[in-house]
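Heads up: the protein sequence lines correspond to chains B and Y, in order.
FYI, the working numbering numbers position 79 of the first sequence as 85, with every residue one higher than the one before it.
FYI, the working numbering numbers position 136 of the second sequence as 142, with every residue one higher than the one before it.
Inspection log for the structure reproduced underneath, given as structure tokens.
There are 2 protein chains.
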Amino acid sequence: MNPDQERAWRAFLRITVAVQAGTARDLAAIGLSEPDYEVLSTLSERPGHTSTLGEQADKMGWSRSRLSRHATRMAARGLLKRTPDPNDGRGCFLVLTAQGLTALEDAAPAHVESVRRHFIDRLTPADLTAIEQIARRLEEPQASEDRPAT
Amino acid sequence: MNPDQERAWRAFLRITVAVQAGTARDLAAIGLSEPDYEVLSTLSERPGHTSTLGEQADKMGWSRSRLSRHATRMAARGLLKRTPDPNDGRGCFLVLTAQGLTALEDAAPAHVESVRRHFIDRLTPADLTAIEQIARRLEEPQASEDRPAT
DNA sequence: GCTAGCTTGATTACATGTCAACTAAACCCT
DNA sequence: AGGGTTTAGTTGACATGTAATCAAGCTAGC
Chain B
7 MNPDQERAWR
17 AFLRITVAVQ
27 AGTARDLAAI
37 GLSEPDYEVL
47 STLSERPGHT
57 STLGEQADKM
67 GWSRSRLSRH
77 ATRMAARGLL
87 KRTPDPNDGR
97 GCFLVLTAQG
107 LTALEDAAPA
117 HVESVRRHFI
127 DRLTPADLTA
137 IEQIARRLEE
147 PQASEDRPAT
Chain Y
7 MNPDQERAWR
17 AFLRITVAVQ
27 AGTARDLAAI
37 GLSEPDYEVL
47 STLSERPGHT
57 STLGEQADKM
67 GWSRSRLSRH
77 ATRMAARGLL
87 KRTPDPNDGR
97 GCFLVLTAQG
107 LTALEDAAPA
117 HVESVRRHFI
127 DRLTPADLTA
137 IEQIARRLEE
147 PQASEDRPAT
């Protein structure tokens, strides 16, 4: 790795730490963690504020186990609840409670403001475009991908 | 937040997850975690492979508590050891052991290769420059910074 | 209809982090 | 010296994440 590349990598590491510390701190001030917020916001986007655990986990890129645990904690705080799936005795739905929706609605503007302050406003439109492009490149499947060849 | 900004933010979140999952997995295959590797590599860069805990924590951007705990775990695995600081009875030095150095030397090429594969090689030189620039912008202190005004 | 095997969540054991309280040593000011 | 204040590092209580395993429900082929 040459010096430019080394610097870029270190810069990348610093970026993630700095930005996420900033937004996480702001969310914590409202009583939500970053993952809490992700669950609330993605759940709120679905019809009936509901989704099966598995589907939700897939959509969020989380393991079922992780979401199950997190949902339990959030349910204990009254942010969402589980209901049985009538079509599948094994399954369950996660449903946003009124309290969860309220929490999200309270948090959303502050979180948006936080993202803006720690991220958006510090960058130029060109930077933002560059980030999207970088994400696209990083997500392209590679020949040397480390999954078993299909 | 307008749609472009929203997309950029989501892209940013995806980038961090994807890249770090990749490199962490590769390191885990050698028996080190990402934090293990950071400790080993930053410690190896210092004279005598040694640093006080606090200095090291500051250099890494970690809390003392975090480094103290992590050092205990790594010491239990023989990767480093603590020695008392002769100049300051409160302090201690973290010292890389021969085994820790070996572990690092074994891991380094694989990790570099991993960073290359998951990050560097997927991006253009312009992307890498952009990342450095973005890091610089994000690190600029802001008027609206959330620390107490000096 | 029955059974083998897959799927879906829940649970357990463990790794890792945070925060705040604590201990001890060093500092500093009189 | 003596006493309050800082600083270094550790630790307990707890939050959160992963991986392995478990139990129950579903489904396809017989």
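Quick reminder that beta carbons are idealized off the backbone N, C-alpha and C, glycines included.
Note that this is a predicted model, so its numbers are computed, not measured.
Under 7 Å between C-beta atoms, does residue i make it to chain B?
i: residue 121 of chain Y; result: yes
i: residue 138 of chain Y; result: yes
i: residue 134 of chain Y; result: yes
i: residue 29 of chain Y; result: no
i: residue 70 of chain Y; result: no
i: residue 59 of chain Y; result: no
i: residue 7 of chain Y; result: yes
i: residue 129 of chain Y; result: yes
i: residue 63 of chain Y; result: no
Am I right that residue i and residue j are in contact with their C-beta atoms under 8 Å? What's the rounded C-beta distance?
i: residue 33 of chain Y; j: residue 143 of chain B; result: Contact doesn't hold; Cβ gap of about 22 Å is too wide.
i: residue 136 of chain B; j: residue 133 of chain Y; result: 7 Å
i: residue 17 of chain B; j: residue 138 of chain Y; result: 5 Å
i: residue 40 of chain Y; j: residue 30 of chain Y; result: 5 Å
i: residue 85 of chain Y; j: residue 109 of chain Y; result: 6 Å
i: residue 22 of chain B; j: residue 22 of chain Y; result: 5 Å
Can you grab the Cα-Cα spacing for the pair residue i / residue j, in whole Å?
i: residue 98 of chain B; j: residue 49 of chain Y; result: 48 Å
i: residue 74 of chain Y; j: residue 26 of chain Y; result: 23 Å
i: residue 120 of chain Y; j: residue 37 of chain Y; result: 14 Å
i: residue 122 of chain Y; j: residue 7 of chain B; result: 8 Å
i: residue 124 of chain B; j: residue 28 of chain B; result: 6 Å
i: residue 111 of chain Y; j: residue 117 of chain Y; result: 10 Å
i: residue 5 of chain B; j: residue 96 of chain B; result: This structure cannot speak to residue 5 of chain B, because chain B is shown only from 7 to 156.
i: residue 92 of chain B; j: residue 77 of chain B; result: 19 Å
According to DSSP, simplified to helix, strand and coil, what is residue i?
i: residue 75 of chain Y; result: helix
i: residue 90 of chain Y; result: strand
i: residue 108 of chain Y; result: helix
i: residue 135 of chain B; result: helix
i: residue 17 of chain B; result: helix
i: residue 52 of chain B; result: coil
i: residue 57 of chain B; result: strand
i: residue 28 of chain Y; result: helix
Please check if any C-beta of chain Y sits within less than 7 Å of the C-beta of residue i.
i: residue 45 of chain B; result: no
i: residue 144 of chain B; result: yes
i: residue 48 of chain B; result: no
i: residue 104 of chain B; result: no
i: residue 21 of chain B; result: yes
i: residue 153 of chain B; result: Confidence in residue 153 of chain B is poor, its pLDDT being 41 and thus under 50, which makes the residue's placement unreliable; the coordinate value appears in the next sentence. For residue 153 of chain B, the answer is no, since every Cβ of chain Y falls outside 7 Å of its Cβ.
Just checking, does the region 34-46 of chain Y make contact with the region 62-79 of chain Y on the three C-beta pairs under 8 Å criterion? yes
Decide if the region 102-117 of chain B is in contact with the region 47-54 of chain B; the criterion is three or more beta carbon pairs, one per stretch, under 8 Å apart. yes
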